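Numbering-wise (the UniProt record's numbering), the sequence shown opens with residue 216 and increments by one. Even for Gly, the Cβ is constructed at its ideal location relative to N, Cα and C. Because the structure is a prediction, the values reported are computed rather than measured. Below: one structure, written as structure tokens.
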Amino acid sequence: GKGRVRTMEKVRTTCLYCGVGCQLDLNIGADGKLVKVTSEPGVIPNDGNTCVKGRFGFDFIHRDERLTVPLIREGEAFRESTWDEAFDLVARRFSGIKEKHGSEALAGLTSAKSGNEDNYIMQKFVRTQFGNNNIDHCARLCHASTVAGLARAFGSGAMTNSIDEFSDTPLIFVIGSNTTENHPVMGIKIRKAVAEGKTKLIVADPRKISLTDIAHIHLQQKPGSDVALINAMMYTIIDEKLHDRDFIKSRTEDYELMEAAVMKCPPEFAEKVSGVPAEDIRAAARLYAAAESASIVYSMGITQHTTGTDNVLSLANMAMLTGNVGKPFAGVNPLRGQNNVQGACDMGGLPDVYPGYQKVHLPESKAKFEKAWGVSLSDKPGLTVNEIMHDVGSGKIKGLYVFGENPVLSDPDTNEVVKSLKKTDFLVVQDIFLTETAELADVVLPARSFAERDGTFTNTERRVQVYREAVLAPGESKPDWEIITGVANRMGADWNYNSASEIMDEIASVTPIYGGISYERIADVGLQWPCPDKEHKGTAVLHQGKFSRGLGKFHPVDYLPQQELPDEEYPLILTTGRMLQHWHTGTMTRKSEVLHGIVPEGHIQISPADAGRLGIGPEDKVKVSTRRGEIEIAADVTDRMKEGVVFLTFHFKESPANALTIAALDPIAKIPEFKACAVKIEKI
Ligand code: SF4
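And the structure:
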């Protein structure tokens, strides 16, 4: 009414950026637009904390460049279309390719940025309408080796423990995770616990990341030497009889096989391979083994290698060796990168499993989902991201549906990816902006952002949390699940979903680990899976009393060098990653004024020794090249880098790191080696 002051409306939601899953309040002004983001103390998992991305990084949702209507390619340009025309065209072309070339000529990429409901519908679409299991997503590029490694060792590929525990963990071993930049609120917890004297910290990282400033021990290993480093720590633990024999005997199997491999790797050998002094390796091993409980935290420094699965298995070995699994303040804790990469995997956005990791090749899961979905399904595992891109390039895959991903900038060896995508007969991209990948599409479908619809994300500690509609959606954009349903129904499905909540009920009915999840139950606080039934309170610590697979399994792991070692022509090792102020391919953060204002462009980090030798000063423009491509970028000369190693983020399209990276894959997980390839740097 007149004279009444309209107060800001607050809508509780889950952060869209990283896997910590902070709970945030979107403050909406009288014009229905986002004014600011606040957060409430006492609410898990972030207790009122946020990072700069969660606090200031959401202004992209109101940008004019948002996609508002479907676009259809006409020659070199796009024209606007109605949803009806776009749906009809997409359905007709996909159906036509299937008829002419068979089901195998189609594939889809699903999205770790989007909700569980959208991912569930996308994999259901590929499996029922394309008729194959060619569905994968960027989890392949970040934690495929985690899923493979931890499933083999423990029976479940997820973070074993919970975020809250990190305030009181006696020892934390961070390896290959730049936690303060990439999972900032986790980083805050670790920093605080160390400052309060509650936690001893060991950091293993090729760079002096900011956690190394407060670490009790920093192991600055060469990229690609992790197995040698961890094996040598285990060598010390066994040699000095610091291992937990009771745990090994009662809870695990195949210890002897592992021991035989480890005893081939004394710290002196690891020193040669990793550059870390043997005495430091021994000291770290003693500190880790002596702790009452010790937690391993890792991320892509471990996973993104041709030995990614081996690296993960080694960490699982070390945790079991010391009895540090299946209890609070311990475990093996992969920090998942994207807000919903855990959920996208849980929902079956992977080529070998249905929702809840039920294997597609097993007759009982096939029968279960055929009954639930009312169609016959393929029991042949589908292709991974890299295999899909390969088959797109070779012409075997003719139709591709890319949902909320930007492979042009995110996948290794950009030049090859673009060449491949240009070869598709029919490329559909569904996104909120015209990304570098969308620019190559035949049809672009405009989606809603997380602030314009309801849904759930599952954070890195397996907690299923809601995000809510808070602002008006631009133009005619639709929720992802509605768009995919529109295409499916024109290809012959008959799906009648009215809400995301209804889809979650279907998810719960076919996914045992989500069996007890419903919107009603998670309205205030999310639940951690496994949550098998409506009375279950969720699971904070996995593998208590018994591993998901029964006994924990030790694996013998031998050190193998990275795929591409430095040589005379390409003498330095390039490692890639991310930074606090930006997110992945920059689609959102580079459209945020605050974030772009703080860091407008990329730099290559190089050690003073290498820079001196090459005559490179701070901010000098350099040319960086590998056998696959070259970029130009300014230099950041910093003693945070070790001699012989340089670092790039992949956020900046003007200096795309993945023009340089190598598409060499881990043989089991098929994850590319983003963390190590050989480069040459020249001053321009
Ligand atoms: Fe968002 Fe992660 Fe930052 Fe929390 S720590 S505000 S979830 S980006």
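| Check | Outcome |
| --- | --- |
| So the candidates are Ala-292, Asn-348 and Asn-334; which of them puts its Cα closest to the Cα of Thr-599? | Asn-348 |
| Please state whether the Cβ-Cβ distance between Gly-272 and Thr-804 is less than 9 Å. | yes |
| If you count every other CB in all the chains shown that lies within 10 Å of the CB of Lys-404, and 16 or more means buried, which is it? | buried |
| Considering only DSSP beta bridges, list what Cys-892 is partnered with. | Leu-789 |
| Starting from Lys-586, trace the alpha helix (DSSP H) in both directions and tell me its first and last residue. | 578-588 |
| Taking 9 Å as the cut-off, decide whether the C-beta atoms of Gly-269 and Val-252 are in contact. | yes |
| Drop a sphere of 10 angstroms on the beta-carbon of Lys-574, count the other beta-carbons inside from all chains shown, and report buried for 16 or more, exposed for fewer. | exposed |
| Report the rounded CA-to-CA distance for residue 902 versus Ala-320, giving the unit in angstroms. | The chain is shown from 216 up to 899; residue 902 falls before or after that span and cannot be answered. |
| Give me, in chain order, the residues of the same chain whose beta-carbon lies closer than 6 Å to that of Cys-230; leave out the 5 immediate sequence neighbours on both sides. | Cys-237, Leu-239 and Gly-269 |
| With a 10 Å radius around its C-beta and 16 neighbouring C-beta atoms as the bar for buried, classify Gln-436 as buried or exposed. | buried |
| Suppose you measure from the CA of Gly-597 to the CA of Thr-853; what does that come to, to the nearest Å? | 44 Å |
| Between Cys-353 and Ala-322, is the Cβ-Cβ spacing less than 9 Å? | no |
| Tell me whether Glu-297 is buried or exposed, calling it buried when 16 or more other Cβ atoms sit within 10 Å of its Cβ. | Per the sequence presented here, residue 297 reads as Thr, with Glu not at that position. Exposed. |
| Using 8 Å as the cut-off, classify the Cβ of Pro-399 as near or not near the heavy atoms of the ligand SF4, replying yes or no. | yes |
| Can you tell me which of the three DSSP states Arg-227 falls into? | strand |
| Nearer than 8 Å: is that true of the beta carbon of Tyr-682 relative to any heavy atom of the ligand SF4? | no |
| Going by the CB atoms, is the gap between Leu-624 and Val-643 shorter than 9 Å? | no |
| Just to confirm the assignment: which complete beta strand (DSSP E) runs, minimum length 3, are found wholly within the segment 618-693? | 641-646, 658-661, 670-673 and 678-682 |
| Determine which residues share a DSSP beta bridge with Lys-479 and list them. | None, per the DSSP bridge assignment. |
| Kindly indicate which residue of Pro-549, Ala-485, Asp-379 and Thr-394 has the alpha-carbon position closest to the one of Leu-365. | Pro-549 |
| For Pro-566, count the other beta carbons within 10 Å of its own beta carbon; 16 or more makes it buried, fewer makes it exposed. Which is it? | buried |
| Give every residue of the same chain whose Cβ lies closer than 6 Å to the Cβ of Lys-749, excluding the five residues on either side of it in the sequence, and list them in chain order. | Gly-731 |
| Just to confirm my understanding: we take Gly-690, look at its own chain, exclude 5 residues before and 5 after, and list those with CB closer than 7 Å. What are they? | Thr-283, Val-284 and Pro-661 |
| Counting beta carbon pairs with one atom in the segment 836-853 and one in the segment 680-687, are three or more of them shorter than 8 Å? | no |
| Taking the alpha-carbon positions, what's the Val-658 to Thr-384 distance? | 50 Å |
| Tell me Gln-743's beta-bridge partners as DSSP assigns them. | Arg-678 |
| Can you tell me whether Gln-759 is buried or exposed? The criterion is at least 16 other CB atoms within 10 Å of its CB, across all chains shown. | exposed |
| Tell whether a beta-carbon distance below 9 Å holds between Glu-888 and Gln-519. | yes |
| For a test of the three-state rule: what should DSSP assign to Lys-768, helix, strand or coil? | strand |
| If you reduce the DSSP assignment to three classes, tell me which class Arg-219 lands in. | Residue confidence is low: Arg-219 scores 48 on pLDDT, short of 50, so the model does not pin down where it sits. No coordinate-derived value is stated. |
| Among residues of its own chain, excluding the 5 on either side of Pro-833, which ones have a beta-carbon nearer than 6 Å to its beta-carbon? | Val-852 |
| Output needed for Gly-402: all residues of its chain with C-beta closer than 6 Å, excluding positions within five of it in sequence on either side, in chain order. | Thr-394 and Thr-395 |
| Quick one: is the Cβ of Gly-263 within less than 8 Å of any heavy atom of the ligand SF4? | no |
| How about the segment 547-564 and the segment 669-678: do they share at least three Cβ pairs that are nearer than 8 Å? | yes |
| Measuring only the C-alpha atoms, how far is Val-226 from Lys-248? | 12 Å |
| Run the CB neighbour count on Ser-664, radius 10 Å, all protein chains shown included, and call it buried at 16 or more, exposed below. | buried |
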